[in-house]
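Residue numbers (the working numbering): 3 to 153.
All residues carry an ideal CB built from backbone N, CA and C; glycine is no exception.
Below is one structure, written out as structure tokens; comments come after it.
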């Protein structure tokens with residue numbers, strides 16, 4: 003989603019809203035996760051007194067296989083991200099702190115995917131208090147109480 007932001011970069015007090023979905027090929031780079039919905043992105047780029055900020059709200063659903071009990075569930079996720087947008091950097095050390103508007107445009111989908119990769123959980127559970135599988139008999143301890151561990 004390439005956004006032409008020339009007016010926002012040049013005129014303090016201006017802003018631009020965007021709304022789009024990321025799906026298909028663009029999500030293939032997010033390995034190890036199965037998206038059950040497209041990634042919905044609502045964004046706003048705004049120039050306040052010469053400081054240009056990009057604010058994103060990112061929402062999606064994942065098909066999750068619980069790391070403890072192996073049940074499949076669908077879970078919803080949402081988070082916000084904010085970035086400062088600049089035309090160029092003074093030094094290479096600053097690159098991770100800013101979004102660079104090359105040719106007075108930014109790829110909002112690429113930025114959203116980068117944010118998404120940082121926010122995805124490393125451990126996926128069907129619920130916070132999941133008891134998992136019994137290591138002896140393999141029963142789901144969320145559904146059945148076994149006596150294997152009491153001996």
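Check, Outcome
"Between the CA atoms of residue 12 and residue 129 - distance to the nearest angstrom", "48 Å"
"8 Å contact criterion, which residue 86 and residue 65 should meet: CB distance rounded", "Actually they do not touch by this definition, with Cβ atoms about 34 Å apart."
"Sub-8 Å separation of residue 21 and residue 49 beta-carbons", "no"
"Cβ neighbour criterion (16 or more within 10 Å) applied to residue 68", "buried"
"Contact under 8 Å by Cβ, residue 3 with residue 109", "yes"
"Beta-carbon spacing of residue 115, residue 28 below 8 Å", "yes"
"Residue from 139, 44, 84 and 7 with nearest C-alpha to residue 55", "84"
"Distance between residue 136 and residue 99 (C-alpha atoms, nearest Å)", "45 Å"
"Among 117, 92 and 101, nearest to residue 31 - alpha-carbon criterion", "117"
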